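Colleague:
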Amino acid sequence: MILSIVLGALVGIIMGLTGAGGGILAVPLLVFGLGLSVAQAGPIGLMAVGIAAAMGAAMGLRAKVVRYRAALLIAGVGMLVAPLGAWLAQRVDTRFLSLVFALVLLWVAYKTFRESAAHGTKPGSPGRATPPCIRDAEDGRFIWTSKCAGALSLSGSLAGALSGLLGVGGGFVMVPALQRYTDLAMQSVVATSLAVIALISLAGVVTSISAGHFNLAVGLPFSAGALAGMAAGSMLSSRLPTRYLKIAFAGICVVVAAGMIAKSL
Numbered sequence: 001m002i003l004s005i006v007l008g009a010l011v012g013i014i015m016g017l018t019g020a021g022g023g024i025l026a027v028p029l030l031v032f033g034l035g036l037s038v039a040q041a042g043p044i045g046l047m048a049v050g051i052a053a054a055m056g057a058a059m060g061l062r063a064k065v066v067r068y069r070a071a072l073l074i075a076g077v078g079m080l081v082a083p084l085g086a087w088l089a090q091r092v093d094t095r096f097l098s099l100v101f102a103l104v105l106l107w108v109a110y111k112t113f114r115e116s117a118a119h120g121t122k123p124g125s126p127g128r129a130t131p132p133c134i135r136d137a138e139d140g141r142f143i144w145t146s147k148c149a150g151a152l153s154l155s156g157s158l159a160g161a162l163s164g165l166l167g168v169g170g171g172f173v174m175v176p177a178l179q180r181y182t183d184l185a186m187q188s189v190v191a192t193s194l195a196v197i198a199l200i201s202l203a204g205v206v207t208s209i210s211a212g213h214f215n216l217a218v219g220l221p222f223s224a225g226a227l228a229g230m231a232a233g234s235m236l237s238s239r240l241p242t243r244y245l246k247i248a249f250a251g252i253c254v255v256v257a258a259g260m261i262a263k264s265l
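Structure representation (structure tokens):
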């Protein structure tokens, strides 16, 4: 139990320092630290990520920056697909799952390095094509079209599949998707993404518990540690340069991915 709490706290600190996307390291830590398989660690990591995302989403709702209709659509599709991912996770070879997870980590590291090196194009700025989901100038709500609903549903299905298969919240999918398909400001993108992650993670955890694939003896102390660690990490994040935090996180992802590849082979 103590090791579960310590590992959870470490994940929470990383999440607090780098954002909810830092929760992607929960599964590798459970694999290396407690000897679990990716399929066993996935639901536990999902619970920790979901709790942290719910905290962030609640703050976003209080600040009125969560686009809750869009979040419900994306999460609804993701929640339908997540059980399929969880079903596959129990039937796919563990080594293959580890390799897939390692590739996802490398992709996240690449994206994070790019973010740390460049400012990127802001939503709605000149030179950016008009996204399918745009807001009404008067009330700030999305003007719903079939193209907008389709783009958000596709994003939700991908996030749901990854959450069920690998136990990741999907923040590394949702944030770029909302940036690409909507004209939301970054604060609203992050808050809406957290709401989606919280809902999809909840569905994944409930599915795993009902199927008997969730280890409560590990999951509960791990999640408690993650919650405490996130509070500590959030306080530290304001004192450290964001750019260097991103570089450090990307470097950790690369090292962990290499370790998972070596273990699989």
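Numbering (the UniProt record's numbering) for the sequence shown: 1 to 265.
All C-beta atoms in this analysis are idealised placements derived from N, C-alpha and C, irrespective of residue type, glycine included.
Keep in mind it's a predicted model, so treat the numbers as computed, not measured.
Within 8 Å, do at least three Cβ pairs link the stretch 170-188 to the stretch 219-233?
Modeller: Touching, no, given that fewer than three Cβ pairs across the two stretches are closer than 8 Å.
Colleague: Do V27 and F101 have their C-beta atoms closer together than 8 Å?
Modeller: Yes, these two residues count as a Cβ contact at 8 Å.
Colleague: Can you name the start and end residues of the alpha helix (DSSP H) that S146 belongs to?
Modeller: Its alpha helix (DSSP H) spans residues S146 to L166.
Colleague: In whole angstroms, give me the CA-to-CA distance for S210 and A248.
Modeller: Near 37 Å, if we compare the C-alpha coordinates of A248 and S210.
Colleague: Would you say T145 and P132 are within 8 Å of each other, going by their C-beta atoms?
Modeller: Yes, the Cβ-Cβ distance between T145 and P132 is below 8 Å.
Colleague: Classify P43: buried if its beta carbon has 16 or more other beta carbons within 10 angstroms, exposed otherwise.
Modeller: That one is buried.
Colleague: Bridge partners for F142 per DSSP, in chain order?
Modeller: For F142, which the question treats as bridged, DSSP gives the partners R135.
Colleague: How many whole angstroms separate the CB atoms of A232 and G16, which I take to be in contact at a CB cut-off of 8 Å?
Modeller: Rounded, the Cβ-Cβ distance is 6 Å, consistent with contact.
Colleague: Among the candidates V254, L178 and L236, whose CA atom is the shortest distance from the CA of W107?
Modeller: The option with the nearest alpha carbon to W107 is V254.
Colleague: Can you give me the start and stop residues for the alpha helix (DSSP H) that V92 sits inside?
Modeller: No alpha helix (DSSP H) holds V92; DSSP gives it neither H nor E.
Colleague: According to the neighbour-count rule (16 or more other Cβ atoms, all chains shown, within 10 Å of its Cβ), is M230 buried or exposed?
Modeller: So M230 ends up on the buried side.
Colleague: Can the beta-carbon of A151 be found closer than 8 Å to that of V173?
Modeller: Cβ atoms of A151 and V173: not closer than 8 Å.
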